[in-house]
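Numbering of the sequence shown is given in my numbering, commencing with residue 17 and proceeding in unit increments.
For reference, the structure discussed in these notes is given below.
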Amino acid sequence: MLTNLQLVEYMEKVFAAKWVYWYGTCGYECTDSLLKRKTAQYPSHYTAARESGYKKDINDGKMCSDCVGVIKSFFWTGGVFEGKNTYASNNCPDRSANGLFSMCTETGDIASMPDIYGLVVWKNGHIGVYVGDGKTIEMQSYINDCVMKDLKDGTWEKWGRLPDTMIAYVSEPVKEWKLGERELKIGDEGQDVVELQEHLKSLGYDLGSFGENKDGIDGEYGEKTQAAVMMLQNTLGLAASGVYDAPTHKALIDLKDPLTPPIQEDVPDGGS
Numbered sequence: 017m018l019t020n021l022q023l024v025e026y027m028e029k030v031f032a033a034k035w036v037y038w039y040g041t042c043g044y045e046c047t048d049s050l051l052k053r054k055t056a057q058y059p060s061h062y063t064a065a066r067e068s069g070y071k072k073d074i075n076d077g078k079m080c081s082d083c084v085g086v087i088k089s090f091f092w093t094g095g096v097f098e099g100k101n102t103y104a105s106n107n108c109p110d111r112s113a114n115g116l117f118s119m120c121t122e123t124g125d126i127a128s129m130p131d132i133y134g135l136v137v138w139k140n141g142h143i144g145v146y147v148g149d150g151k152t153i154e155m156q157s158y159i160n161d162c163v164m165k166d167l168k169d170g171t172w173e174k175w176g177r178l179p180d181t182m183i184a185y186v187s188e189p190v191k192e193w194k195l196g197e198r199e200l201k202i203g204d205e206g207q208d209v210v211e212l213q214e215h216l217k218s219l220g221y222d223l224g225s226f227g228e229n230k231d232g233i234d235g236e237y238g239e240k241t242q243a244a245v246m247m248l249q250n251t252l253g254l255a256a257s258g259v260y261d262a263p264t265h266k267a268l269i270d271l272k273d274p275l276t277p278p279i280q281e282d283v284p285d286g287g288s
């Protein structure tokens, strides 16, 4: 699951890359075709007076978003900066700024905001992210684009905590496990699960149609992955527990990368 610290890192990258504000966008490359679509969709925002500014963004190869769109882009790319968007993924629906704020499980007046990185800050029709050290980052407007400023200098009214189904609030980075460093079972997530799924897929096991590529590789140890592990354990002569444990890991690695027999050197036999 994505974390609040990843959200903060993502927002800091957006600010450093100088993303520009285009209403109704969610972390897209600025292109002529996008401008044409958005002009037809939101004519009151994409006026003739602004066209030269949008054209400059296109020529400069900029990425664009609006205030809530940048938060949605974090979830829809799986936290991969300027990555591929998968609509409504990672439990993040397509909501407006007010709609996303309404999903928060805890809220309060801005004066009472705790110092928790990755909380959202809100006022009617607008949303941003608290990135720590008294700072916020927001996609502010067509004029100002992406802005970092002191929380106290903003006009925010409330803070909110996004639901646990979308994001994990942690105080330090979540450890990235390597395959074999821990047992894996139903409910586990991580890059080590991805690596296991890639091994299982290469061996021909059916993992379903989960994940971005619909190949079952999604980093989540679900029932399909468990079933594949049980079949693998049966094949390897191990107890079919469905838990990817140390014996299963060793057997899988040996299966995927068997030891190469040593090369036998020619030994003189005294013949001529």
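By construction, the Cβ of each residue, glycine as well, lies at the ideal position given by its N, Cα and C atoms.
All values derive from a computational prediction rather than experimental measurement.
- Distance from N106 to M182 at the Cβ level is roughly 7 Å; contact confirmed, criterion being Cβ atoms closer than 8 Å.
- Closest in alpha carbon position to L18, among M27, F91, T63, Y37, is F91.
- Closest by C-alpha distance to I126, out of P179, V137, D166, is V137.
- The straight-line gap separating the alpha-carbon atoms of D131 and G150 is approximately 8 Å.
- Between the stretch 42-58 and the stretch 66-84 there are three or more C-beta pairs closer than 8 Å, enough to call the two in contact.
- E192 places its beta carbon less than 9 Å from that of G206.
- Here the stretch 156-168 lies against the stretch 27-36, with 3 or more beta-carbon pairs under 8 Å apart.
- Residue pairing for S157: DSSP places it in a beta bridge opposite D161.
- Shown here, A32 sits in a helix according to DSSP, grouped into three states.
- With fewer than 16 other CB atoms across the displayed protein chains lying within 10 angstroms of its CB, E228 is exposed.
- A contact is defined here as three or more CB-CB pairs under 8 Å, and the stretch 166-174 meets this definition with respect to the stretch 137-146.
- Look at Y260 here: in three-state DSSP terms it is strand.
- With distances taken between CA atoms, I233 lies nearest to V210 out of S218, Q242, G220, V210.
- Nearest C-alpha to G238 among Q249, N250, Q213: Q213.
- The DSSP-derived three-state label of W138 is strand.
- With 16 or more other CB atoms across the displayed protein chains lying within 10 angstroms of its CB, I153 is buried.
- For V84, the three-state secondary structure derived from DSSP is helix.
- Burial state of D273 is exposed, judged by a 10 Å Cβ sphere holding fewer than 16 other Cβ atoms.
- Within a 10 Å sphere around the beta-carbon of L21 sit 16 or more other beta-carbons, which makes this residue buried.
- The closest CA to that of P263, considering only R198, D208, E122, G224, is found on R198.
- Per DSSP, reduced to three states, the secondary structure at A104 is coil, with no helix or strand assignment.
- Its chain contains T19, L21 as the residues whose beta carbon lies nearer than 8 Å to that of P189, once the 5 sequence neighbours on both sides are disregarded; these appear in chain order.
- Taken through DSSP and simplified to helix, strand or coil, W92 comes out as helix.
- Rounded to whole angstroms, G144 and K230 show a C-alpha spacing of 32 Å.
- Counting of Cβ neighbours within 10 angstroms places T93 among the buried residues, the total reaching 16 or more.
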